[in-house]
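Here the sequence shown stands for residues -30 to -1, 1 to 529, where the numbers follow mature numbering (1 follows the signal peptide of the UniProt record, and there is no 0). For each residue, glycine too, the CB sits at the ideal point set by N, CA and C. Model, not experiment: these values are computed from the prediction.
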Amino acid sequence: MTTTMTMRRTAAGGVLLLALLLLSTTVARAEDPYVFMEWHVTYGTKNIVGTPQKVILINDEFPGPRINCSSNNNIVINVFNQLDQPLLFTWNGIQHRKNSWQDGLPGTNCPVAPGTNYTYHWQPKDQIGTFFYFPSIGMQRVVGGFGLISVVSRLLIPVPYDPPADDLQVLIGDWFTKDHAVMAGLLDAGRSIGRPAGVLINGRGGKEAANPPMFTWEAAKTYQLRICNVGIKSSLNFRIQGHDMKLVEMDGSHTIQGLYESLDVHVGQCMSVLVDADQKPADYLMVASTRFMAGPSSVSAVIRYAGSNTPPAANVPEPPAGWAWSINQWRSFRWNLTASAARPNPQGSYHYGQINITRTIKLMVTRGHVEGKLRYGFNGVSHVDGDTPLKLAEYFNVSDQVFHYNQMGDEPPAVNGPMHVVPNVITAEFRTFIEVVFENPEKSMDSVHIDGYAFFAVGMGPGKWTAAERKTYNLLDAVSRHTIQVYPRSWSAVMLTFDNAGMWNVRTNLWERHYLGEQLYMSVVSPARSLRDEYNMPENALRCGKVVGLPLPPSYLPA
């Protein structure tokens, strides 16, 4: 084609060549922009909470590099695994529309072997907001490898607040000083990982967190803070000495902009706030402290007004008490119905409260002992990963050799029996509207997440859930999000449309429980084998287990 066009020297040929060039340029511009990154994942030593320990670094950074992008950008990350263990990254809150191939869980992907590399390619399709990534195999995430993902709106899509003077990351989380392999060994032996040694802000803990100042602000300006709880066990309360926080976004949704003196941020959740630097120039403390556990722990970091030489006041703000305060704060969160989402249509154009529920799945946390060792699960089934990722087994039609669907029912068993330790995969009908109720009979907090989706967090309350609780649901402006806390001996209810085909993880964010089986996978299959609904397996996808050497199944057809 190139030779033919080059040989055409007529006027008409010149016009044809120009038209083709313009067309190709238009097509190229129509493709969403690319963001390329190269990560070298290694171990390193950091002195954290007063103890030198081995941590996971990305390009020698702890926390890892921040991923800054816009809605629909193509994110291409070439990961070089220089650890001595297999590695996977998952992108907490990124929905991967039609593309669970990039989800980065042991149930969807083969791990990246030590000394090799793998390139992830995903899009925050029609998403905005604050998210984070972390390594998903074993207990690796407890020693680092996590980082922030910030997705801003595309140009010409209105944002419901003025641009801030700066956009800052605040990664908070509990911290343990044991090595991740040691912690996994404790759990394998039937023991507990114990209590955290402290709390971190942006990878800094103890006295190191406050020196030098973490941020420097100029008076009379407004700053955006993207706050994520990247820990593994503890709900945290976050506050800033002398400053109110205006909540503007939560887990990828614009919210009604209420003012808060402090915010409870549960494990796996992210919030974005605006803070006015409207106080007397001085130093002020950001504080994150544990909630709902004995022996509370906290960390402070300094915000310095430019030119200040005044140390922070001695009155460090105290956290609120009790979970009743926390649940009342949750009830104050509302979806901003008039704000544009990642597309021009307002968030409130989707009237979820008017859609009929076709199925209710009630997932009760189950705890028990199997062969003398503690296990967690849902509805009496404790998940275990195998050598063959569930998604690959399903795609290559060898699922019967790897797992069986629907080992648990939509209701917890009436009588507690022995726990079953198997790969836990349930099926869901494509494009149906479903209610999921999480029940936590434990004395401690839980926080649950659904990969591949945003759901409407419509209700929560104490005790056991019954159908009568639907009368208390918020069916107008519940925030669309991906993670919801479940208070001790309480329930939380969400609604969602299963419109994203793939194999998706439903899990606790409390990684000790997750490691011990409190998770499942949800297989959502489109009846039409069409690229309109799901992408084919990527050409660079790794193979392992029972799919090694098998011929590729027929490709999905164009829509």
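For residue i, the residue or residues it bridges with in DSSP
{"i": "Glu364", "result": "Bridge partners of Glu364: none, in fact."}
{"i": "Met473", "result": "Ser493"}
{"i": "Trp305", "result": "Thr225"}
{"i": "Trp92", "result": "Ile45"}
{"i": "Tyr103", "result": "Trp61, Gly117"}
{"i": "Arg274", "result": "Thr186, Asp253"}
{"i": "Pro128", "result": "Partner(s): none; Pro128 has no beta bridge."}
{"i": "Ile420", "result": "Val476"}
{"i": "residue 538", "result": "No answer is possible for residue 538: the residues shown for the chain start at -30 and end at 529."}
{"i": "Val407", "result": "Lys332, Ala463"}
{"i": "Pro290", "result": "Its beta-bridge partners do not exist; DSSP assigns none."}
{"i": "His321", "result": "Looking at the DSSP assignment, His321 forms no beta bridge with any residue, so it has no partner."}
{"i": "Lys343", "result": "Val340"}
{"i": "Asp137", "result": "Gln194"}
{"i": "residue 557", "result": "In the structure as shown, the chain begins at -30 and stops at 529. Residue 557 is therefore absent and cannot be evaluated."}
Distance between beta carbons of residue j and residue i, contact taken as under 8 Å
{"i": "Val86", "j": "Val169", "result": "Contrary to the premise, residue 86 reads as Thr rather than Val in this sequence. That belief does not hold up - the Cβ atoms of Thr86 and Val169 are roughly 35 Å apart, past 8 Å."}
{"i": "His345", "j": "Gly487", "result": "Position check: residue 345 holds Arg in this sequence, whereas His was assumed. Going by Cβ atoms, the distance from Arg345 to Gly487 rounds to 5 Å, so yes, they are a contact pair."}
{"i": "Gly433", "j": "Thr442", "result": "Gly433 to Thr442, Cβ: 12 Å. No contact."}
{"i": "Glu231", "j": "Arg209", "result": "6 Å"}
{"i": "Pro314", "j": "Ile127", "result": "6 Å"}
{"i": "Gln194", "j": "Leu141", "result": "That pair is no contact at about 15 Å."}
{"i": "Ala291", "j": "Ala180", "result": "Their Cβ separation, rounded to whole angstroms, is 25 Å, which puts Ala291 and Ala180 out of contact at 8 Å."}
{"i": "Val218", "j": "Ser242", "result": "5 Å"}
{"i": "Thr78", "j": "Asn48", "result": "That pair is no contact at about 19 Å."}
{"i": "Phe408", "j": "Val449", "result": "Rounded, the Cβ-Cβ distance is 16 Å, inconsistent with contact."}
{"i": "Glu482", "j": "Lys203", "result": "6 Å"}
{"i": "Asn506", "j": "Tyr526", "result": "5 Å"}
{"i": "Leu381", "j": "Lys332", "result": "Residue identity differs from the one stated: residue 381 is Glu in this sequence, not Leu. Contact flag correct, Cβ pair sits at about 5 Å."}
Helix, strand or coil at residue i [DSSP, three-state]
{"i": "Ser450", "result": "strand"}
{"i": "residue 590", "result": "In the structure as shown, the chain begins at -30 and stops at 529. Residue 590 is therefore absent and cannot be evaluated."}
{"i": "residue 533", "result": "Only positions -30 to 529 of the chain appear in this structure, which leaves residue 533 out of reach."}
{"i": "Asp144", "result": "strand"}
{"i": "Leu255", "result": "strand"}
{"i": "Ser462", "result": "strand"}
{"i": "Arg165", "result": "coil"}
{"i": "Val200", "result": "coil"}
{"i": "Ala(-3)", "result": "Unreliable placement is indicated for Ala(-3), whose pLDDT of 39 sits below 50; the coordinate value is still reported in the next sentence. Three-state result, Ala(-3): helix."}
{"i": "Asn87", "result": "strand"}
{"i": "Asp234", "result": "strand"}
{"i": "Asp370", "result": "helix"}
{"i": "Gly175", "result": "strand"}
{"i": "Glu482", "result": "helix"}
{"i": "Gly265", "result": "coil"}
{"i": "Lys68", "result": "coil"}
{"i": "Val112", "result": "helix"}
{"i": "Met378", "result": "coil"}
{"i": "Ile18", "result": "strand"}
{"i": "Gln239", "result": "coil"}
{"i": "Gly160", "result": "coil"}
{"i": "Gly515", "result": "helix"}
{"i": "Gln299", "result": "helix"}
Contact check, residue i vs residue j, beta carbons under 9 Å
{"i": "Val476", "j": "Ile420", "result": "yes"}
{"i": "Val237", "j": "Asn410", "result": "no"}
{"i": "residue 541", "j": "Gly143", "result": "Summary: the structure shown does not reach residue 541, with the chain confined to residues -30 through 529, and so no result is reported for it."}
{"i": "His150", "j": "Asn470", "result": "no"}
{"i": "Cys240", "j": "Gly422", "result": "no"}
{"i": "Met473", "j": "Val395", "result": "yes"}
{"i": "Phe400", "j": "Pro523", "result": "no"}
{"i": "Asp234", "j": "Trp300", "result": "yes"}
{"i": "Pro130", "j": "Pro84", "result": "no"}
{"i": "Asn386", "j": "Gly350", "result": "yes"}
{"i": "Met109", "j": "Ala154", "result": "yes"}
{"i": "Leu528", "j": "Leu490", "result": "Residue identity check: residue 528 is Pro in the sequence provided, not Leu. Not in contact: Pro528 and Leu490 (Cβ atoms no closer than 9 Å)."}
{"i": "Arg124", "j": "Ala312", "result": "yes"}
{"i": "Ser106", "j": "Phe59", "result": "yes"}
{"i": "Glu364", "j": "Ser493", "result": "yes"}
{"i": "Met220", "j": "Gly99", "result": "yes"}
{"i": "Ala189", "j": "His213", "result": "no"}
{"i": "Ala427", "j": "Val464", "result": "yes"}
{"i": "Met389", "j": "His339", "result": "yes"}
{"i": "Val82", "j": "Gln97", "result": "no"}
{"i": "Gly356", "j": "Val372", "result": "yes"}
Test: residue i CB closer than 9 Å to a CB of chain B
{"i": "Asp96", "result": "You won't find chain B in this structure, because it holds only one protein chain."}
Segment contact flag, the region 68 to 75 with the region 153 to 162, C-beta cutoff 8 Å, min 3 pairs:
no
Is the region 242 to 252 touching the region 260 to 278, taking contact as three or more C-beta pairs under 8 Å?
yes
Do the region 220 to 230 and the region 303 to 310 touch if we need at least three Cβ pairs shorter than 8 Å?
yes
Okay, do the region 84 to 101 and the region 41 to 57 touch, 3+ Cβ pairs below 8 Å being the bar?
yes
Closer than 8 Å is the cut-off here; do at least three beta carbon pairs connect the region 106 to 122 with the region 16 to 33?
These segments touch.
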